[in-house]
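Number of protein chains: 2
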Amino acid sequence: MTIARSKMPPNAKSVFKGKIFEVWQWEQKMFDGSIEIFERLRRTNSVIVITTVGDKILIQRELQPDREVPFLTMPGGCVDDGEDPLSAAKRELLEETGYESSDWTLLNEFRPYHKIDWTVYLFVARQGHKIQVPHLDAGEKITSRLVNFEEFLMLSEDESMRNKELMEILLRARLDPKKKEELRKLLF
Amino acid sequence: MTIARSKMPPNAKSVFKGKIFEVWQWEQKMFDGSIEIFERLRRTNSVIVITTVGDKILIQRELQPDREVPFLTMPGGCVDDGEDPLSAAKRELLEETGYESSDWTLLNEFRPYHKIDWTVYLFVARQGHKIQVPHLDAGEKITSRLVNFEEFLMLSEDESMRNKELMEILLRARLDPKKKEELRKLLF
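Chains as they are written, first to last, in the working numbering: chain R, 1 to 188; chain P, 189 to 376.
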């Protein structure tokens, strides 16, 4: 499931740079030869980590200061400037859960939204083990728990699930026994 | 499947207004009492239309001037300033396909991305009939075709499918016979 990259056109110019989002615009030649201003965003890439511990998978319930309702999510966060996605995934897992792993694989890359130049990297961290307490920042309240593979698949019925890319993977694994076994082998 | 609205906080200020996207920022009190600048986007809402014709469903292949590869989609587009979603759905269906219908229902509302204040309205337009040729704008190349209900569900295997919200509905209908029959009854 590879999604075509929509790179910024060579004549695109950054017109605004915010905290997370940068706005780019360019003159686009239309099918009839006329010109219109097109707009696309860029944002920092992000990582999601599926961590296995024995035959279990680590999931999180997270509260953020600008949201009233907690949501279900996997460890992860933003890739810092100059950081590679794997390093970001290791850093976020350690900060949010206190876990580390020596067996990492990149499962998939997603571009969630065609008007944003933004890639989400989905990693698996096998046989994680806890080496420290979580170091949460002031914008995070996170509790972790372990679920088995079947419970993990059924997170696709949880409406508070934040990771929409993972949702589709879980639904497809429930739909197709072959895909389910492939996912199980990738994780364990 | 209702998704909680993430309205803009009362102290948020618009810091940039582009062609499609508007950037808002506010001072957010963190869990430890410290203050950070938070950022969220607003964009025009959009509509998607599932149109039935007899026992068939109308789907489209679309090419845009800034994309090399055509993609699969349903009729739809942006809600204009001051326009209600149903009027936008009727207008977009007529412009893109030349079809109209006198039997409309709002199936669902989605908020695709938690950092964007943006609602997608999914409508069904039953027993559509063609009353004119499509009036495409200079940024659209669109061809329509009719598929049956089973083919419609299997669009969830098409990687060029643009409407990710619809993808999840199709997967869930394939997964659960009860949901499949509910969807069939909603459409026909």
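Where a beta carbon is used, it is the ideal one built from N, C-alpha and C, also for glycine.
> Taking the DSSP output, what are the residues bridged to Q130(R)?
Replying inline: Working through the first sequence from its first residue, we reach residue 130(R) at position 130. According to the sequence as given, residue 130(R) is Lys; it is not Gln. DSSP lists Y99(R) as partners of K130(R).
> So which residues on chain R does D254(P) lean against when the C-beta distance must stay under 7 Å?
Replying inline: Indexing the second sequence from 1 puts residue 254(P) at position 66. Simply P9, Q28 and F38.
>> Buried or exposed for K205(P), going by 16 or more other Cβ atoms inside 10 Å?
In response: Residue numbering aside, residue 205(P) sits at position 17 when the second sequence is read from its first letter. Exposed.
> Nearest chain P C-beta to V15(R) closer than 8 Å, yes or no?
Replying inline: Within the first sequence, the letter at position 15 stands for residue 15(R). Yes, because at least one Cβ of chain P sits closer than 8 Å to the Cβ of V15(R).
>> Among G264(P), D272(P), L294(P) and D269(P), whose alpha-carbon lies nearest the alpha-carbon of L281(P)?
In response: On the second sequence, position 93 is the one that residue 281(P) refers to. Here the closest residue by C-alpha is G264(P).
> For P300(P), which residues in chain R fall below 9 Å Cβ to Cβ?
Replying inline: In the second sequence, the residue the question calls residue 300(P) occupies position 112. Neighbours of P300(P) on chain R, chain order: P112, Y113 and K164.
> To the nearest angstrom, how far is it from the Cα of R5(R) to the Cα of E256(P)?
Replying inline: Taking the first sequence and counting its residues from 1, the one referred to as residue 5(R) is at position 5. Taking the second sequence and counting its residues from 1, the one referred to as residue 256(P) is at position 68. The pLDDT assigned to R5(R) is 45, lower than 50, so where the model puts this residue is not dependable; a value taken from the coordinates is nonetheless given after this. R5(R) and E256(P): Cα-Cα distance of roughly 11 Å.
> In this structure, does DSSP put I357(P) in helix, strand or coil?
Replying inline: The count along the second sequence starts at 1 and reaches residue 357(P) at position 169. Here I357(P) sits in helix by DSSP.
>> For a test of the three-state rule: what should DSSP assign to M161(R), helix, strand or coil?
In response: In the first sequence, the residue the question calls residue 161(R) occupies position 161. M161(R): strand per DSSP, three-state reduction.
> For the beta strand (DSSP E) that contains L41(R), what are its first and last residues?
Replying inline: By 1-based counting over the first sequence, the position of residue 41(R) is 41. L41(R) -> beta strand (DSSP E) spans I35 to R43.
> Would the stretch 336-346 of chain P and the stretch 356-366 of chain P be scored as touching if the rule is three or more Cβ pairs under 8 Å?
Replying inline: As far as the Cβ criterion goes, the stretch 336-346 of chain P touches the stretch 356-366 of chain P, which means the pair count is three or higher.
>> Suppose only complete runs of 3+ residues qualify. What are the beta strand (DSSP E) ranges in the stretch 257-315 of chain P, listed by chain order?
In response: 259-261, 264-266, 291-298 and 308-314
> Name the chain P residues that come within less than 9 Å of R172(R), Cβ to Cβ?
Replying inline: Here residue 172(R) refers to the residue found at position 172 when the first sequence is read from its first residue. Those are S344 and L359, listed as they occur along chain P.
> With DSSP run on the structure shown, which of helix, strand or coil describes E328(P)?
Replying inline: Translated into the one-based positions of the second sequence, residue 328(P) becomes position 140. Coil, per DSSP.
>> Within a Cβ cutoff of 7 Å, which residues of the same chain sit near R333(P), ignoring the five residues on either side of it in sequence?
In response: Translated into positions along the second sequence, residue 333(P) becomes position 145. Excluding sequence neighbours, R333(P) sits near I247.
>> Below 8 Å, how does it come out for the stretch 283-293 of chain P and the stretch 209-222 of chain P: are there three or more Cβ pairs, yes or no?
In response: no
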